[in-house]
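Those letters in the sequence shown? Residues 24 to 213, per this note's numbering, in order.
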Amino acid sequence: MSVLYQSSSDLPDLVAGLYERRAHDLYLGEPVTVYEHAVQSAMIAEADGAAPTMIAAALLHDVGQLIRGAAEDAHRLADDEEHARVGGDFLASYFLPEVAEAVRLHVQAKRYLAALDAGYAATLPPAARVALSAGGGAMSQEEATVFRIRRHADTALRLRRYCDRAKQRNLVLPRFRSFAHHVLAAARRD
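See the structure below:
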């Protein structure tokens with residue numbers, strides 16, 4: 024996807040536009056839309072007192088689904104890891120590494136949590152359990168060890184916890200652009 028981008032001040036509008044075009048698409052078989060899930064994730068991070076980079080990562084963690092284009096991509100579970108990679112690659116061009124890497128690792132974080140806690144998968148909604156299984160299931164001990172020493176693993180795990188909670192129906196949500204100050208604070212300066 025080619026995106027025209029002039030300066031960091033354009034960044035909130037660029038990312039809001041990506042989400043607003045898909046505002047009504049249901050999120051992976053969940054009772055919320057892609058837009059609602061993104062905004063709820065950011066709200067939870069903000070309420071937790073997270074840094075702007077974490078709030079931006081929470082807001083944008085599924086941007087890879089939007090970049091890939093077609094609406095049916097939001098429902099393809101077998102390539103859950105792919106949307107994290109695509110999103111991380113896209114965000115690396117515009118945001119600090121804490122944002123891009125948390126997004127890149129948020130699906131692996133789900134697999135790690137499933138390995139760490141046998142009851143974790145049972146807390147996930149059915150669609151998320153299918154995605155977990157399709158993405159390889161719980162990590163092996165070796166995979167978990169490798170994941171845990173990655174530089175941004177802690178950030179990705181925190182992001183994963185926010186994402187897992189961001190699936191509430193019928194909430195009154197702020198506008199996507201109400202998080203613009205966090206998006207700008209998390210932007211690259213080069």
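Idealized CB from N, CA, C, for every residue including glycine.
Grab the span of the alpha helix (DSSP H) containing residue i for me, first residue to last.
i: Leu-196; result: From DSSP, Leu-196 is part of no alpha helix (DSSP H); its letter is neither H nor E.
i: Asp-48; result: From DSSP, Asp-48 is part of no alpha helix (DSSP H); its letter is neither H nor E.
i: Leu-41; result: 34–44
i: Leu-155; result: 149–157
i: Asp-187; result: 176–188
How should residue i be labelled, buried or exposed, when 16 other C-beta atoms within 10 angstroms of its C-beta is the threshold for buried?
i: Ile-67; result: buried
i: Leu-180; result: buried
i: Arg-174; result: exposed
i: Asp-140; result: exposed
i: Thr-6; result: Because the chain in this structure spans residues 24 to 213, residue 6 falls outside the shown range and cannot be described.
i: His-106; result: buried
i: Ala-161; result: buried
i: Ser-116; result: exposed
i: Leu-41; result: buried
i: His-60; result: buried
i: Gln-63; result: buried
Run the proximity test for residue i: is its beta-carbon closer than 7 angstroms to any non-hydrogen atom belonging to the ligand NAD?
i: Leu-194; result: The ligand NAD is not part of the structure shown, which contains no ligands of any sort.
In the DSSP assignment, what residue or residues form a beta bridge with residue i?
i: Phe-118; result: Ala-210
i: Thr-56; result: Leu-49
Take residue i and list the residues in its own chain whose beta-carbon comes closer than 6 angstroms to its own, dropping the five residues that flank it on each side.
i: Val-206; result: Leu-34, Pro-35, Ala-79
i: Gly-110; result: Val-86, Gly-87, Val-126
i: Asp-213; result: none
Tell me which same chain residues have a C-beta within less than 7 angstroms of the C-beta of residue i, skipping the five on either side of it?
i: Ala-39; result: Phe-199, Arg-200
i: His-47; result: Thr-56
i: Arg-211; result: Tyr-117, Phe-118, Leu-119
i: Leu-49; result: Thr-56
i: Val-130; result: Asp-103, Glu-104, Ala-107, Gly-158
i: Arg-192; result: Pro-54, Val-55
For residue i, I'd like the list of residues in its chain whose CB is within less than 8 angstroms of its CB, leaving aside the five on either flank, ordered along the chain.
i: Ala-176; result: Leu-128, Ala-132, Tyr-135, Phe-170
Against chain D, with Cβ distances strictly below 8 angstroms, would residue i count as a contact?
i: Pro-197; result: The displayed structure is made up of one protein chain only, and chain D is not part of it.
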